[in-house]
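Protein chains in written order, with the working numbering: chain D, 792 to 1154; chain Y, -15 to 59.
To start, the structure itself, in structure tokens.
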């Protein structure tokens, strides 16, 4: 035990056995329960703590697209590389992104001047220290990561930094959930909703999805016991033929979410008409861009960026894997050209992706 | 990527823009731009250097009690 409050007690092995027994008692034999954990953090918790092995065979987790690095299309990486090569820009981003290949097969990490960030606020000092250079923050992430980017943009404006811009790739969870469920071949019975996205957006945005598709969503905390309890709640809903949004992560998530963060995001960003996702294609209303008032900080308005194509590899099964129809080992590329060292498809790109997790931990 | 970790507030810095928190035995400064009403002793969820929410200890206790209760059910 590491002695960390709000972590250790949510990993207690004895309680895990109790929850496993409760799940085993709840499942109906002969019925399959295909439960998608949307968030890559949940995928990681399930694999790392062996949660799948504690559950009956007819309860199966399907790993979702909730890893922003995985779903970022190659074209956006190539756009960033273009800014480095044509405008001599210093590129800044989170470490997760640096080894992801673009459609050109090159990665950001190969650019001459790339800075890895712990916090987006560090971009401010990089821009101040390099007034003669363009500094571009490659902003990625779901709703959890968007508010810090909003704070950065407002600070850049307040400090009058004229050499700082954002290549915005912030994407929206409800749009991706809708895309996955809005497919007649979707094989998902229930969804475990993300922890920290929900800390920002709250419970309410999931209701229209549940009403439209009659698929239960249970917002789950980040630790293995949270995932197990949320799984039990989802199974109970399925057995009772209910479809509701339930919130297991009550210690952090409430109905309305973090309104202060939402207001900041709304002030700085607006909805894009459409945005490309690696593995899911172009999804309407699924991403954000900077509002006109902040155009000077928008790399896409500030620079003339040619349009790059993403070119997904043929025979990549990510679209089917992300919808629960296939498992990683059923893809012809899995382990044959597509590995964590040389990822081809979205699900292999980061350790949170379904294929990378299956590669590292077994199916 | 959406990893956020709990951290205890040791001090709220002057002006209230940042807090000193204890994170895995280390002290560091985090931005309070996204949260309100933070006090010393509160637990915050930290993501990329920002507190994104506070953790409700009473709700945490309730969830732990539910875990125990679920495990006591007779099959």
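All C-beta atoms, glycine included, are put in the ideal place defined by N, C-alpha and C.
May I ask you to report which of helix, strand or coil DSSP gives residue i?
i, result
"residue 1089(D)", "strand"
"residue -12(Y)", "coil"
"residue 59(Y)", "Unreliable placement is indicated for residue 59(Y), whose pLDDT of 43 sits below 50; the coordinate value is still reported in the next sentence. If DSSP states are grouped into helix, strand and coil, residue 59(Y) belongs with coil."
"residue 1071(D)", "coil"
"residue 1138(D)", "helix"
"residue 7(Y)", "strand"
"residue 894(D)", "coil"
"residue 833(D)", "helix"
"residue 909(D)", "coil"
"residue 30(Y)", "strand"
"residue 1101(D)", "coil"
"residue 978(D)", "coil"
"residue 935(D)", "coil"
"residue 39(Y)", "coil"
"residue 855(D)", "strand"
"residue 1094(D)", "coil"
"residue 1127(D)", "coil"
"residue 921(D)", "coil"
"residue 50(Y)", "helix"
"residue 1080(D)", "strand"
"residue 792(D)", "Here residue 792(D) scores only 41 on pLDDT, less than 50, and its place in the model should not be relied on; the value that follows carries that caveat. Three-state DSSP puts residue 792(D) in coil, outside helix and strand."
"residue 1151(D)", "helix"
"residue 956(D)", "strand"
"residue 884(D)", "strand"
"residue 1065(D)", "strand"
Less than 7 Å separating the beta-carbons of residue i and residue j?
i, j, result
"residue 956(D)", "residue 1099(D)", "no"
"residue 1018(D)", "residue 842(D)", "yes"
"residue 857(D)", "residue 829(D)", "yes"
"residue 826(D)", "residue 1032(D)", "no"
"residue 1096(D)", "residue 870(D)", "yes"
"residue 813(D)", "residue 54(Y)", "yes"
"residue 1102(D)", "residue 886(D)", "no"
"residue 14(Y)", "residue 5(Y)", "yes"
"residue 911(D)", "residue 938(D)", "no"
"residue 1056(D)", "residue 941(D)", "yes"
"residue 1150(D)", "residue 862(D)", "no"
"residue 1028(D)", "residue 1007(D)", "yes"
"residue 1145(D)", "residue 1119(D)", "yes"
"residue 1152(D)", "residue 838(D)", "yes"
"residue 1122(D)", "residue 1108(D)", "yes"
What's the C-alpha gap between residue i and residue j?
i, j, result
"residue 1064(D)", "residue 37(Y)", "30 Å"
"residue 959(D)", "residue 35(Y)", "21 Å"
"residue 824(D)", "residue 851(D)", "6 Å"
"residue 1071(D)", "residue 1106(D)", "14 Å"
"residue 9(Y)", "residue 44(Y)", "21 Å"
"residue 952(D)", "residue 919(D)", "7 Å"
"residue 1052(D)", "residue -14(Y)", "15 Å"
"residue 1094(D)", "residue 1083(D)", "15 Å"
"residue 854(D)", "residue 1143(D)", "9 Å"
"residue 3(Y)", "residue 909(D)", "17 Å"
"residue 933(D)", "residue 921(D)", "29 Å"
"residue 917(D)", "residue 987(D)", "28 Å"
"residue 797(D)", "residue -10(Y)", "7 Å"
"residue -7(Y)", "residue 835(D)", "27 Å"
"residue 1035(D)", "residue 51(Y)", "21 Å"
"residue 945(D)", "residue 890(D)", "29 Å"
"residue 32(Y)", "residue 821(D)", "44 Å"
"residue 1001(D)", "residue 1128(D)", "38 Å"
"residue 948(D)", "residue 936(D)", "19 Å"
"residue 977(D)", "residue 888(D)", "29 Å"
"residue 965(D)", "residue 831(D)", "15 Å"
"residue 1091(D)", "residue 27(Y)", "38 Å"
"residue 59(Y)", "residue -2(Y)", "Only weak support is given to the placement of residue 59(Y): the predicted model assigns it a pLDDT of 43, under 50, and the value that follows is read from those uncertain coordinates. One C-alpha to the other measures close to 55 Å."
"residue 975(D)", "residue 1138(D)", "22 Å"
I think residue i touches residue j, with their Cβ atoms under 8 Å apart; what is that distance to the nearest whole Å?
i, j, result
"residue 1010(D)", "residue 984(D)", "4 Å"
"residue 1(Y)", "residue 16(Y)", "6 Å"
"residue 7(Y)", "residue 1049(D)", "About 20 Å; that fails the 8 Å criterion."
"residue 954(D)", "residue 924(D)", "6 Å"
"residue 1171(D)", "residue 1023(D)", "The structure shown does not extend to residue 1171(D), since chain D is modelled only from 792 to 1154, so the question has no answer here."
"residue 1157(D)", "residue 860(D)", "A question about residue 1157(D) goes unanswered here, because the residues of chain D that appear run from 792 up to 1154."
Counting Cβ pairs, one atom from each stretch, are 3 or more of them under 8 Å apart for the segment 796 to 805 of chain D and the segment 1014 to 1024 of chain D? yes
Three or more C-beta pairs under 8 Å: does that hold for the segment 899 to 908 of chain D against the segment 878 to 891 of chain D? By the Cβ rule, the segment 899 to 908 of chain D counts as touching the segment 878 to 891 of chain D, because three or more pairs are nearer than 8 Å.
Under 8 Å, with one C-beta from each stretch per pair, do the segment 1047 to 1064 of chain D and the segment 912 to 932 of chain D reach the 3-pair mark? no
Would the segment 1072 to 1087 of chain D count as touching the segment 845 to 861 of chain D if we require 3 or more Cβ pairs under 8 Å? no
For the segment 1031 to 1050 of chain D against the segment 977 to 993 of chain D, are there 3 or more C-beta pairs whose distance is under 8 Å? When C-beta atoms of the segment 1031 to 1050 of chain D are compared with those of the segment 977 to 993 of chain D, three or more pairs fall below 8 Å, so the two segments count as touching.
Specify whether the segment 1109 to 1118 of chain D and the segment 966 to 977 of chain D touch according to this definition: at least 3 beta carbon pairs, one from each stretch, less than 8 Å apart. yes
Can you pull out the residues from the segment 865 to 890 of chain D whose beta carbon lies closer than 8 Å to at least one beta carbon of chain A? Any reference to chain A falls outside this structure, whose protein chains are D and Y.
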